[in-house]
Amino acid sequence: MQHIGSNTSLYRDDLHARSLDTRPHPSRTWVKAERGRIGHEIPPGWRLCGENVYAVHSLRYADLDGYFYLFSVWDEHNVSRPWDEVRAWARRLALPTPRELYRGPWDEAALRALHVNPEQMEGYVVRVTGEIPYAEFGRRVAKWVRRGHVQTGAHWLSKPVEANGLKEQP
Numbered sequence: 001m002q003h004i005g006s007n008t009s010l011y012r013d014d015l016h017a018r019s020l021d022t023r024p025h026p027s028r029t030w031v032k033a034e035r036g037r038i039g040h041e042i043p044p045g046w047r048l049c050g051e052n053v054y055a056v057h058s059l060r061y062a063d064l065d066g067y068f069y070l071f072s073v074w075d076e077h078n079v080s081r082p083w084d085e086v087r088a089w090a091r092r093l094a095l096p097t098p099r100e101l102y103r104g105p106w107d108e109a110a111l112r113a114l115h116v117n118p119e120q121m122e123g124y125v126v127r128v129t130g131e132i133p134y135a136e137f138g139r140r141v142a143k144w145v146r147r148g149h150v151q152t153g154a155h156w157l158s159k160p161v162e163a164n165g166l167k168e169q170p
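Residue numbers are given in the UniProt record's numbering: position 152 of the sequence shown equals residue 152, and the series is strictly consecutive.
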């Protein structure tokens, strides 16, 4: 799965970026509104995790399917639901998911053969397709990030917010 933005967790009545003590920032205004649109659909005790890609970070995206890419759904037992269930949630809530680059049994040769353009993609995530209890997360999920990923002088939070581009709708 392609990895492209700022990790954000959405709850029925709240949200946070990366950590629970997230400070407000204008780049999060859009995702707050999106949580307002879908929050009533999130069961109590559950959370939806995804990438908030509204703001340009180190890469500029011109043709995104949306500004919040759903990549995991956690239930009240702190278990990440199976990937196909995550995709079903995404369809139900009209949210994009990261593009699948490969699906199948673990095959390191197949993963190394993936065409990854570091000018267009920050990295990717590998996960099992089944459920993932929180205690097993570190053994069932891996992330690859391009060499020299951060290529700007200033952190994106300290710069004016610049929106990424969305695909044109027909």
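All residues carry an ideal CB built from backbone N, CA and C; glycine is no exception. The structure presented is a predicted model; accordingly, all values stated were derived computationally and were not measured.
Just how far apart, CA to CA, sit residue i and residue j?
i, j, result
"E108", "A135", "24 Å"
"E76", "L15", "16 Å"
"E100", "P160", "32 Å"
"V53", "S27", "9 Å"
"I38", "D13", "10 Å"
"P43", "S9", "14 Å"
"P82", "G130", "4 Å"
"E41", "R91", "13 Å"
"G138", "E168", "37 Å"
"N7", "R60", "17 Å"
"Y11", "T29", "16 Å"
"A110", "P170", "35 Å"
"V31", "R112", "33 Å"
"residue 176", "A17", "Outside the modelled stretch of the chain, which goes from 1 to 170, sits residue 176, for which no answer is possible."
Can you pull the DSSP bridge partners for residue i?
i, result
"F68", "N52"
"S6", "N52"
"V145", "G123"
"P133", "V79"
"A163", "A55"
"A17", "T8"
Going by CA-CA distance only, name the one from the options that's closest to residue i.
i, options, result
"A94", "D13, T29, Q120 and R35", "R35"
"L64", "E51, V126 and Y124", "E51"
"N164", "D84, H57, R12 and L10", "H57"
"V86", "V79, N78, S72 and P96", "S72"
"P133", "N78, A62, K167 and A33", "N78"
"L166", "A62, A17 and A110", "A62"
Are residue i and residue j close, meaning C-beta to C-beta below 8 Å?
i, j, result
"E122", "V145", "yes"
"residue 171", "Y67", "For the chain, the structure presents residues 1 to 170; residue 171 sits outside this window and is missing."
"K143", "V116", "no"
"R147", "V128", "no"
"S80", "W74", "yes"
"E162", "A33", "no"
Touching or not, the stretch 41-49 and the stretch 99-109, by the rule of three or more beta carbon pairs under 8 Å? no
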